[in-house]
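Residues -26 to -1, 1 to 366 (mature numbering (1 follows the signal peptide of the UniProt record, and there is no 0)) are what the sequence shown spells out, left to right.
One structure below.
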Amino acid sequence: MHRRSLPFPALALAAALAWAPVASHAQAPAGKVKVGFMLPYTGTYAALGTAIENGFRLYVQEQGGRLGGREVEYFKVDDESDPAKAPENASKLVKRDQVDVVVGTVHSGVQMGIVKVARENNTLLIIPNAGVDEATGPLCAPNIFRSSFSNWQPGYAMGQVVASRGLKRVVTLTWKYAAGEQSVKGFKEAFEAKGGKVVKELSLPFPNVEFQAQITEIASLKPDAVFVFFAGGGAVKFVKDWAAAGLKDKIPLFASGFLTDGTLEAQGAAAQGLETTLHYGDGLANARDKAFRLEYAKAYKLQPDVYAVQGYDAAQLLAAGAGAVKGDMTRKAEVYKAMEAARVDSPRGAFTLSKAHNPVQDFYLRKVDGRENKVSGVAVRALADPARGCRL
Ligand code: BEZ
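The following block contains the structure:
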C-alpha cells in the first residue's frame, strides 16, 4: 500500500510499531548504569561501609567496569548510621540522582528508612549488610534484595552451638536496636528449643561503648555463658573491656561473627580463642575465595572481611539482573526475575535466594587464631530465614 494512502491513525500506528522493537529490546539504552551507595563513611560502622564499597567496585572492575554491557557510574551518600536522616538521604539518591539501584546499608535502623523509600518508588534496592528482619519479612517486596543475612540467622546458628555444648544459663548483651535485639531473638529461639534458658537480656543504647555497668552485672550473675552482638568500633572496645575485666577465661563468650570480623588487628590478644558464627570465615579453601582474596588484597592492600564479601556479592547479584536485560534497567520485572533466579558464586560458597530474597547459606563456626577467624566447622547448613510475614 502506498504510504500516502494510509489514514493518519494507521500511519501513526505503523510508525510506532516500526520503532518500538528498536527502542525497547535490541540495544542497551544510552548512558551508564547508576549505582547509589548509601553507606556509613563516618562513625562506629565507617570501616564496614568502606569494605562494602571496595568489594562492590572490585567485582565491577573485574567486569571491565561494566554491568549488562553498560558502564557504571557511582553516587555516594554518607548515612552516618543515623536512622533519623535515612529517608532524606535515600531520597537524594532516588529523586535527585535518579539512580537505577540503591546499594545500602549497614545499620538496621537506617535500613528501615531506605526500605520505605525503595518501596514507595519501586527503586531496586540491594542490602549489602543490614540484617533487619522486616526487610525480608513483613516488608519484603519484588524490588528488595539482600546479599548479606537476616539478623535472625547468625543468632539462630549460635543458639544451636551453645546448646550443643550443654551450657544452660545464658545472659545476652547488645546495643538496643533491631540488629542486636533480633540477633538475640534468633539465638534464644534455637537455644531455648534445645533446653537452654536466657536468664537475663542486657542492653545499652547504640553506639555507646561504656560497657562497665553491664560487665559488672554479668560477673555477679555468673551465667554458664554470654551471647553478644556488637560490630565495628564498638566490638573492638567491648572485647578489650571484657578481657580487661578478667572475664575472658572465666565466662565463655559467644557472638555472631560481627564481633571479630574486620576487627582482629585492633582487638589483638583480647580476642584470641573467641568463637562466633557467620556466613564467612578464614580458611574456607574454595578456589573462588582464594581468587577473591588475592584480587582484593592487590587492589586495596588489605585483607577482605565479611563486609567486603557482601559488597562483592551485591554487585554479582546486580550483574545477574543487568545482564538479563542487556543493561536496560527500565525492564524492572525482568531484572527482578533474573536476580531471584541467580545462583551467586560467592567467596563464602555459592548461594541462592529465598522467596523473600534473602540468602540461603551455610553458617560457619569460627575460632579466633591470631589475625584469623578460622572456620572450624559448619554450625548450620543452608540456613533459610523463616521470613515471617513476607507475602511474595
Ligand atoms: C545491623 O545494624 O544490621 C548490623 C550492623 C553491623 C553488623 C551487622 C548488622
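No residue lacks a Cβ here, since even glycine has one placed at the ideal position from N, Cα and C.
Beta carbon of residue i nearer than 7 Å to that of residue j
| i | j | result |
| --- | --- | --- |
| residue 19 | residue 80 | yes |
| residue 87 | residue 131 | no |
| residue 55 | residue 14 | yes |
| residue 189 | residue 145 | no |
| residue 125 | residue 98 | no |
| residue 67 | residue 76 | yes |
| residue 244 | residue 217 | yes |
| residue 316 | residue 364 | no |
| residue 291 | residue 121 | yes |
| residue 342 | residue 356 | no |
| residue 119 | residue 313 | yes |
Straight-line Cα distance separating residue j from residue i
| i | j | result |
| --- | --- | --- |
| residue -5 | residue 305 | Residue confidence for residue -5 is low, a pLDDT of 41 falling below 50, so the modelled location carries little weight; the figure read from the coordinates is stated next. Between residue -5 and residue 305, the C-alpha separation is close to 14 Å. |
| residue 52 | residue 345 | 29 Å |
| residue 6 | residue 338 | 38 Å |
| residue 199 | residue 62 | 42 Å |
| residue 321 | residue 262 | 5 Å |
| residue 136 | residue 300 | 48 Å |
| residue 157 | residue 360 | 14 Å |
| residue 351 | residue 319 | 20 Å |
| residue 57 | residue 167 | 33 Å |
| residue -3 | residue 170 | Per-residue confidence for residue -3 stands at a pLDDT of 46, beneath the threshold of 50, marking its modelled position as unreliable; the derived number appears in the next sentence. Answer to the nearest angstrom: the Cα atoms are 58 Å apart. |
| residue 366 | residue 115 | 7 Å |
| residue 95 | residue 112 | 18 Å |
| residue 34 | residue 219 | 45 Å |
| residue 226 | residue 176 | 16 Å |
| residue 275 | residue 155 | 35 Å |
| residue 16 | residue 180 | 15 Å |
| residue 231 | residue 347 | 9 Å |
| residue 22 | residue 283 | 11 Å |
| residue 358 | residue 91 | 26 Å |
| residue 134 | residue 307 | 38 Å |
Closest by C-alpha distance to residue i, when choosing among the options
| i | options | result |
| --- | --- | --- |
| residue 85 | 69, 249, 110, 73 | 110 |
| residue 185 | 293, 353, 211 | 211 |
| residue 40 | 297, 356, 208 | 297 |
| residue 148 | 228, 224, 134 | 228 |
| residue 173 | 67, 197, 273 | 197 |
| residue 399 | 342, 343, 349 | This structure cannot speak to residue 399, because the chain is shown only from -26 to 366. |
| residue 36 | 340, 309, 293 | 293 |
| residue 9 | 38, 78, 25, 21 | 78 |
| residue 159 | 178, 31, 201 | 201 |
| residue 27 | 12, 16, 38, 17 | 12 |
| residue 248 | 270, 259, 213, 258 | 213 |
Residues that residue i bridges to, as DSSP identifies them
| i | result |
| --- | --- |
| residue 48 | 9 |
| residue 101 | 120 |
| residue 229 | 202, 250 |
| residue 347 | 342 |
| residue 335 | 357 |
| residue 138 | DSSP output for residue 138 lists no bridge partner at all. |
| residue 256 | 348 |
| residue 143 | 171 |
Inspect the CB distances between the segment 249 to 269 and the segment 279 to 292 and report whether three or more fall short of 8 Å.
The segment 249 to 269 vs the segment 279 to 292: in contact.
The segment 65 to 73 in contact with the segment 316 to 332 per 3-pair CB rule at 8 Å:
The segment 65 to 73 vs the segment 316 to 332: no contact.
Count the C-beta pairs between the segment 32 to 47 and the segment 137 to 157 that are closer than 8 Å, then say yes if the count reaches three, no if not.
The segment 32 to 47, when compared against the segment 137 to 157, does not touch it at the 8 Å Cβ threshold.
How do the segment 99 to 106 and the segment 283 to 303 stand: do at least 3 beta-carbon pairs fall below 8 Å, yes or no?
Yes: the two stretches touch, three or more of their Cβ pairs being nearer than 8 Å.
Quick check: the segment 232 to 249 against the segment 191 to 207, are at least 3 beta-carbon pairs closer than 8 Å?
As far as the Cβ criterion goes, the segment 191 to 207 touches the segment 232 to 249, which means the pair count is three or higher.
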